[in-house]
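Numbering (the working numbering), first residue to last: 16 to 304.
Here's the structure we're looking at; comments come further down.
Structural data, given as structure tokens:
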């Protein structure tokens, strides 16, 4: 798909930026510099390791030592959603942008200074979702670093289970994308050919994030974007709900991906902390090895 203004106008139902503002911003920023990359470009030119750390937002992120972060920095990493609240700048970054305009701009205000540090980070933006809604460096430059590196890709339709809602050997033939940002990132990481995948800060214990106590993130409670820490500590992680029997929980999805897809390909999956629910069946990564 070509990278142009027309693609930013295709979704009329869900918009991050209005149609008129999209056209105006594109014209105003028409000389703004950015680098458009494909998945093949990223794989051949920017991948520096066979090991990647997927950076989730669980509280255990705050327990990672400086020495462990140095290990992460020696390999590739993929920050998800509100990861810019952390000081560590990842190799790659993806986020689900809030649809509610108030939440979107509160989110922007909390990260726009931090995102400036991402001058060497590749922003992953889906052509068939985010771009169509107006998320593009020439339309919404505040969500990107200066002269950003952008990997524009086609987001695969999520897996739809039928019948008994159980994953099997043929469930992942087309994509690993099932529910939530994590499964989408696993699909991208698989396409990039990583052999060792570490889920860091993917604990699935509750709904608390490492940044929830930060002063600049109190808008979440004030605008009712999220519940308080006290309430979220006693709530399930959102992806651990089966949605009244319509979805497989994230832990069972991860176990299935590991059993039916990664292990047959000799791809090694790890969790970053024994605090993770997934540590019951997925080995904990040894930072000292």
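From the three backbone atoms N, C-alpha and C, an ideal C-beta is built for every residue, glycine too.
A quick note: this is a predicted structure, and the numbers were derived from the prediction, not measured.
Range covered by the alpha helix (DSSP H) that runs through residue i
{"i": "residue 36", "result": "34-43"}
{"i": "residue 234", "result": "234-237"}
Rounded C-alpha distance that separates residue i from residue j
{"i": "residue 304", "j": "residue 285", "result": "13 Å"}
{"i": "residue 141", "j": "residue 166", "result": "8 Å"}
{"i": "residue 36", "j": "residue 160", "result": "20 Å"}
{"i": "residue 301", "j": "residue 28", "result": "46 Å"}
{"i": "residue 200", "j": "residue 188", "result": "16 Å"}
{"i": "residue 273", "j": "residue 93", "result": "19 Å"}
{"i": "residue 135", "j": "residue 179", "result": "45 Å"}
{"i": "residue 57", "j": "residue 124", "result": "29 Å"}
{"i": "residue 278", "j": "residue 53", "result": "27 Å"}
{"i": "residue 91", "j": "residue 63", "result": "7 Å"}
{"i": "residue 244", "j": "residue 227", "result": "7 Å"}
{"i": "residue 113", "j": "residue 235", "result": "11 Å"}
{"i": "residue 122", "j": "residue 249", "result": "24 Å"}
{"i": "residue 97", "j": "residue 72", "result": "8 Å"}
{"i": "residue 220", "j": "residue 259", "result": "19 Å"}
{"i": "residue 26", "j": "residue 117", "result": "20 Å"}
{"i": "residue 280", "j": "residue 203", "result": "16 Å"}
{"i": "residue 59", "j": "residue 77", "result": "33 Å"}
{"i": "residue 299", "j": "residue 32", "result": "42 Å"}
Nonlocal neighbours in the same chain, by C-beta distance under 6 Å from residue i, ignoring five residues either side
{"i": "residue 264", "result": "255 and 257"}
{"i": "residue 74", "result": "223 and 225"}
{"i": "residue 126", "result": "99"}
{"i": "residue 294", "result": "286"}
Residue i, enclosing beta strand (DSSP E) - first and last residue
{"i": "residue 166", "result": "164-168"}
{"i": "residue 119", "result": "Looking at the DSSP string, residue 119 is not in any beta strand (DSSP E); the run it does join, the alpha helix (DSSP H), is 116-126."}
{"i": "residue 26", "result": "Run containing residue 26: none; DSSP gives neither H nor E here."}
Helix, strand or coil at residue i [DSSP, three-state]
{"i": "residue 246", "result": "helix"}
{"i": "residue 52", "result": "strand"}
{"i": "residue 155", "result": "coil"}
{"i": "residue 107", "result": "strand"}
{"i": "residue 279", "result": "helix"}
{"i": "residue 86", "result": "helix"}
{"i": "residue 271", "result": "helix"}
{"i": "residue 263", "result": "coil"}
{"i": "residue 253", "result": "helix"}
{"i": "residue 201", "result": "helix"}
{"i": "residue 175", "result": "coil"}
{"i": "residue 79", "result": "coil"}
{"i": "residue 5", "result": "Any property of residue 5 remains undetermined from this structure, which presents the chain solely from 16 to 304."}
{"i": "residue 148", "result": "helix"}
Residues bridged to residue i (per DSSP)
{"i": "residue 224", "result": "73"}
{"i": "residue 214", "result": "69 and 286"}
{"i": "residue 140", "result": "167"}
{"i": "residue 299", "result": "286"}
{"i": "residue 91", "result": "67"}
Own chain residues within Cβ distance below 7 Å of residue i, not counting five before or after
{"i": "residue 146", "result": "22, 23, 140 and 167"}
{"i": "residue 205", "result": "191"}
{"i": "residue 156", "result": "44 and 47"}
{"i": "residue 173", "result": "192, 193 and 194"}
Interface flag, residue i vs chain D, CB-CB below 8 Å
{"i": "residue 108", "result": "The structure shown contains no chain D; it is built from a single protein chain."}
Own chain partners of residue i with C-beta closer than 8 Å, once the 5 adjacent residues on each side are dropped
{"i": "residue 195", "result": "253, 254 and 265"}
{"i": "residue 41", "result": "20, 23, 151, 153 and 154"}
{"i": "residue 69", "result": "92, 93, 95, 197, 200, 201, 204, 212, 213, 214, 215 and 217"}
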